[in-house]
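Below is one structure, written out as structure tokens; comments come after it.
Number of protein chains: 4
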Amino acid sequence: MIRFNSDYTEGARPEILKLLEETNYQQTDGYGTDEWCAKARDLIREACGCPEAAVHFLVGGTQTNATVIAAVLRPYEGAISADTGHINVHETGAVEHTGHKVLALPSKDGKISAEQVKACLEEHFASPAFEHTVRPGICYISYPTEYGTIYTKKELEDLHSVCRQYGIPLFVDGARLGYGLACSECDITLKDLAQLCDIFYIGGTKVGALFGEAVVIPDPDLLPTFRYMIKQGGGMLAKGRLLGIQFAALFTDDLYMRISKDAIEQSDRIRKALNELGFKIYIDSPTNQQFFVLTREQYDEITKEFALDLNCTVEGGVVARACTSWATRPENVDRFIEALKRMR
Amino acid sequence: MIRFNSDYTEGARPEILKLLEETNYQQTDGYGTDEWCAKARDLIREACGCPEAAVHFLVGGTQTNATVIAAVLRPYEGAISADTGHINVHETGAVEHTGHKVLALPSKDGKISAEQVKACLEEHFASPAFEHTVRPGICYISYPTEYGTIYTKKELEDLHSVCRQYGIPLFVDGARLGYGLACSECDITLKDLAQLCDIFYIGGTKVGALFGEAVVIPDPDLLPTFRYMIKQGGGMLAKGRLLGIQFAALFTDDLYMRISKDAIEQSDRIRKALNELGFKIYIDSPTNQQFFVLTREQYDEITKEFALDLNCTVEGGVVARACTSWATRPENVDRFIEALKRMR
Amino acid sequence: MIRFNSDYTEGARPEILKLLEETNYQQTDGYGTDEWCAKARDLIREACGCPEAAVHFLVGGTQTNATVIAAVLRPYEGAISADTGHINVHETGAVEHTGHKVLALPSKDGKISAEQVKACLEEHFASPAFEHTVRPGICYISYPTEYGTIYTKKELEDLHSVCRQYGIPLFVDGARLGYGLACSECDITLKDLAQLCDIFYIGGTKVGALFGEAVVIPDPDLLPTFRYMIKQGGGMLAKGRLLGIQFAALFTDDLYMRISKDAIEQSDRIRKALNELGFKIYIDSPTNQQFFVLTREQYDEITKEFALDLNCTVEGGVVARACTSWATRPENVDRFIEALKRMR
Amino acid sequence: MIRFNSDYTEGARPEILKLLEETNYQQTDGYGTDEWCAKARDLIREACGCPEAAVHFLVGGTQTNATVIAAVLRPYEGAISADTGHINVHETGAVEHTGHKVLALPSKDGKISAEQVKACLEEHFASPAFEHTVRPGICYISYPTEYGTIYTKKELEDLHSVCRQYGIPLFVDGARLGYGLACSECDITLKDLAQLCDIFYIGGTKVGALFGEAVVIPDPDLLPTFRYMIKQGGGMLAKGRLLGIQFAALFTDDLYMRISKDAIEQSDRIRKALNELGFKIYIDSPTNQQFFVLTREQYDEITKEFALDLNCTVEGGVVARACTSWATRPENVDRFIEALKRMR
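What follows is the structure in structure tokens.
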């Protein structure tokens, strides 16, 4: 079985394992106060062009989303999100567990627009009974989205502008950030992103690390007590150095972007094949996830050999998702494309 | 600087790093549904003598405590704990964050007694206004405790008996479980523990792993939906295999107990030296943590070379904590004992 | 200014004020353990044909909804609701504040169907990744709905049947229950309702009382510890007798249904007038709320004299809501109809 | 049976019932936006000497405490309280339900000192691991306390000074405020109180009203969005006017203080009798609650005729609590004193 069903099917880049081994018997303090975390923070600040940014390391995405959102919101506030957003559908209500409603807006290709966010905010504050409704207190988007799509720079500027107008932060879930920044349609850099939002995170779990997400807060005064939130939320790793070491490796010699490009290269090959072979594309994605329609029979046949994710059912079949990652082997993509060809 | 300030100052046992490397490119499913987790579960079930037990892997202790307690309790229930219990003092209110009060009982050497727990339960149910007070719904203890002490088998039996009488589970925080089971005063085995409580966890973070805690629920029907709780609480690692691999290594060839004994051997050397040198022992601990009184000057002097944890201040000085672990080198203990000698 | 903007613009039925005055100096125990609460419970049990039912008194609707839902759900569970449901839009996220997601389904005329609820439950349990999504744990509907519509007996039977099949309770918000039961299209009785759901409440605030909602749980074993939840949620009135006295008055000599019919009679007059005068009906309601379309100019004009609720904007104008209640004076309805006539 | 077991055994002062009746058919807007609430706010502002204060009306004490505390705190913060404080022992964990730990300090006669609060704050901020512990974010005291005792002006000044130094608000639970201000040992006025703390409430439930607590926030900028919290917490009464009417009556012609003095007069008679008859006083209270020791036999005997609250057991017997209130009849106190005499 060759797996394309997710982008977390392998361990970590060898550089990371090697550094973990080399540093194994170094003695350090815990909870992210060690030298490796300090080094990783500096490397990330440099990569983001934010010498003053606060950088925090957490273990996983659901934890990071819930911790950031709970840190920002007052009890009566909620998080604006695409209805397809990860926090709205795939985190077992982790945000609600912290007491906050997800204010889900209809999405297009996994995205929401500045107009929608503005309307949502306007509606709340225009209502004479606004105290009877949840107040939007943060805007959550993913880059790339759940459907592999990305926002243009202009779209991000517009979203950020609306958020600033209403005084709420724009928070970007970057669980797959590398794959967004490395794709051909991307018109922003990591440095741009740090200007285009208030809080974002650089996903490690899906982009080369064993685990770990690096939260970047360009303005360090925004959440000065965030470490309390991390600890309370169960995200403060005792051996915090493990996160520092991994991100130090990822941000040395541009490793993070290099391995992201590898994944995109392989995904683009699948995308091209799907198009050339005439498969129906469900949502056209320039990043590391491809969504395409198969008949149920095709799906059952191909998944005998290749693990895919069944995203949803549509008329005439199902939507399959194929992911590549930093670990995807070109020869496995060859085989997958061959299998697709056999089905036409 | 040689560190004795905590038992999580190094990485992991080489066996674990080796297995992570060997399995790095294996493709597996996520979230703990892979073969390594299955294997580790089986090894743990065997070690615990519980062929039917549910075994779940989480990342860290605070997360595990909050997730288990929230899984057990109804909203109006609280967790009985020693006032010195980790959940009561060192988790930034993670239990309260899930909505539950910690019902702190006065402790002796970090322990609470069956009589105290019984009195707490009796008082609640005897009160005509019990609905106005928090109902005790779980009893939390640590083995070993925050002060390195352990419960005798008889004490555990009595606690369990009271809990059963009132229908609440006994939950044992085993963040340092190996160091308790491996010490000279211990009169129970892992198999006994599985009979003596309703939920417990086997700490990996402090006992040889990079991170990870294995929750064991001998009666699998007790919390059948626990995986929802793990996910919602941010504890479900995408690459769950990392936990499976680590615990598989720890429970192969008795590694977990062997490295625990190493730590105890070194701690016993420190304990003996402290006694022989006439240092005042704050709380006498048979496990991997030693608590002893130094003058402030002594503390300042010795911590120039050896990192210790400052536990609290007492008349005439401070209580220092020295920890050993699976990674403690005998030659570092030699040096520490020499330094202690120089102070007399 | 004559108010039709809500059904809580006056105080209480004179019978209630009189009984409050007569009993004012009686000395009773607190928190709902007094004789008046006992009497009211018995009267309600009798009216519902449920001699064994648990009956609890709370102060208001938002409080009651959040308390019931939090009492039923486990932390990872959510409440199925119409997207227009009061808990989803008008309670400032009170349900989410207790940690639970509202699983909003698209509604038609304020209602959801058994088919929708079934599909929601099926989808959850059919998903291989169900632990990553919120588990539906209760089904919340209103009778009448936010739009004044009511479910038929058949619809309720079907909803209840699906809920039973999946083991989740059907909970009916009856903030305006009297106005539903008293309307011409209603095909159920209070006794039927007690058979057709698992938990419901009889609204007092909007139907003759100063305040108060009576929660009825036909099977008393369903939530045996509900009083803890009421106390914790801030809903346990110290002078609980005030609720007992009011509901005792409402359930003596059929007062509750008599005053509900008065309100419906006046609402039906408005409904008839709107139809005869050719106003566009937004949603056709047989109960005490009428929703109709006015141009913005018409709305501004008529609200100089009559307070109406502006429900939403539509093409060509706004949707106005006019409510009657137990306190509505026929002469005020006369005037309102005259004003409507003047606008044609 | 004559009841002295609590101070909420009767309904309300006749002035209040009368005003409720007179205004019964006035039509008003809901949720505290009506003219009666506006009037009551003005009367309270005047009585407090705070023309700018925000004044909010809630229904009951537990609700008010939880709502205020949750409004002030960030998720990782807790509420400092006496261990005997109402929020710590008699509210079923309502504060923890909102996610916050109660940081209980040992109390003397129900009180805590500025020194204790300072030490608690200092300890938190001095700890290098403060992020692992709950941060004190509000200081909660009661005036009078659970044991009927009161703070001196000097004690309040000192508490307030420490709170200001650390930037946390001082919150005074005034469920029985009138009885504190009216007692002979009181050295402050309502106007003083408004200067001596940041948030307090004027209890209506126990001092003449049917129900209701008036929260006063002298600096209106402290919690500008508090109405969201009230709504979310279930404390926003639909017919908010009922609270306005009651507090308008209580703050007209000094009714609140007049009836408080009546209660104190009767309590002082009991206090004097207890002393003269040589009963052991458990805690000496100048307000409307008396705590005294009876043998179990004495308690069983006297409670055949007089309902008392059994506060706790002590060596040689039990501590009984006798409360007076605005409704206490002098002739009932006569009888109670006679009964006490018969027991000597």
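Protein chains in written order, with my numbering: chain C, 1 to 344; chain E, 345 to 688; chain S, 689 to 1032; chain F, 1033 to 1376. Yeah, the Cβ is synthetic: ideal placement off N, Cα and C, and Gly gets one too. Just so it is clear, the structure is predicted and the values come from calculations on it, not from any experiment.
- In the same chain as residue 1342(F), and ignoring 5 residues on each side of it, the C-beta atoms closer than 6 Å to its own belong to 1350, in chain order.
- Burial state of residue 507(E) is buried, judged by a 10 Å Cβ sphere holding 16 or more other Cβ atoms.
- Considered as a whole, the region 353 to 379 of chain E harbours 358 to 366 as its complete alpha helix (DSSP H) runs of no fewer than 4 residues, in chain order.
- The distance from the Cβ of residue 1222(F) to that of residue 1079(F) is about 6 Å, consistent with a contact at the 8 Å cut-off.
- The region 943 to 954 of chain S makes contact with the region 1003 to 1022 of chain S; the number of CB pairs closer than 8 Å reaches 3 or more.
- Distance between residue 157(C) and residue 453(E), taken at the CA atoms: about 58 Å.
- At a beta-carbon threshold of 7 Å, the residues of chain F lying near residue 132(C) are 1263, ordered along the chain.
- In this structure, DSSP gives residue 606(E) a helical state, which the three-state scheme calls helix.
- For the region 297 to 328 of chain C, the set of residues with a beta-carbon nearer than 8 Å to any beta-carbon of chain S is empty.
- In terms of beta-carbon proximity, residue 443(E) lines the interface with chain F, with at least one pair separated by less than 8 Å.
- Taking a contact to require three or more Cβ pairs closer than 8 Å, the region 847 to 862 of chain S and the region 805 to 818 of chain S qualify as touching.
- Annotated as proximal: residue 1172(F) and residue 1111(F), with beta-carbon spacing under 8 Å.
- Closest by C-alpha distance to residue 204(C), out of 61(C), 41(C) and 2(C), is 61(C).
- Residue pairing of residue 517(E) in beta bridges, as defined by DSSP: 486(E).
- Put simply, the CB of residue 210(C) is near chain E, with a gap under 8 Å to one of its CB atoms.
- From the beta-carbon of residue 103(C), no residue of chain E is found nearer than 9 Å; the closest lies around 19 Å away.
- Residue contact check for residue 1126(F) against chain C: no CB pair falls below 8 Å.
- The residues 1064, 1246, 1247, 1249, 1258, 1259 and 1262, in chain order, have a CB closer than 8 Å to that of residue 1088(F) in the same chain once the five nearest residues on each side in sequence are set aside.
- When only Cα atoms are considered, residue 741(S) and residue 731(S) end up about 11 Å apart.
- Taking C-beta separations shorter than 7 Å and ignoring five residues to either side along the sequence, the partners of residue 427(E) in its chain run 448, 449, 450 and 451, following chain order.
- Per the DSSP secondary-structure output, residue 103(C) pairs in a beta bridge with 80(C).
- Between the alpha carbons of residue 1096(F) and residue 1238(F) lies a gap of roughly 14 Å.
- By the C-beta density criterion, residue 1(C) is exposed, having fewer than 16 other C-beta atoms within 10 angstroms.
- Taking the Cα positions, residue 497(E) is about 58 Å away from residue 1370(F).
- Here the C-alpha atom of residue 938(S) lies approximately 37 Å from the C-alpha atom of residue 988(S).
- Along the region 43 to 70 of chain C, going in chain order, the ones with a CB nearer than 7 Å to a CB of chain E are 59, 60, 62, 63 and 66.
- For the region 27 to 43 of chain C, residues whose beta-carbon sits nearer than 7 Å to a beta-carbon of chain E comprise 27, 28 and 30.
- Chain-ordered listing is empty here: chain E has no CB closer than 8 Å to the CB of residue 267(C), the nearest sitting near 17 Å.
- Taking all protein chains shown into account, residue 125(C) has fewer than 16 neighbouring C-beta atoms within 10 Å of its C-beta and is therefore exposed.
- Residue 518(E) is positioned such that its CB atom lies closer than 8 Å to that of residue 487(E).
- With at least 16 other beta carbons inside 10 angstroms of its own, residue 350(E) counts as buried.
- At a C-beta separation below 9 Å, residue 6(C) has these neighbours in chain E: 373, 374 and 582.
- Residues of the region 483 to 510 of chain E with a C-beta less than 8 Å from any C-beta of chain S: none at all.
- Within 7 Å of the CB of residue 419(E), the CB atoms of chain S belong to 758, 917 and 920, in sequence order along the chain.
- When the beta-carbon positions are compared, residue 835(S) and residue 948(S) stay at least 8 Å from each other.
- In its chain, beyond the 5 residues on either side, 1277 and 1281 have a beta carbon closer than 6 Å to the beta carbon of residue 1051(F).
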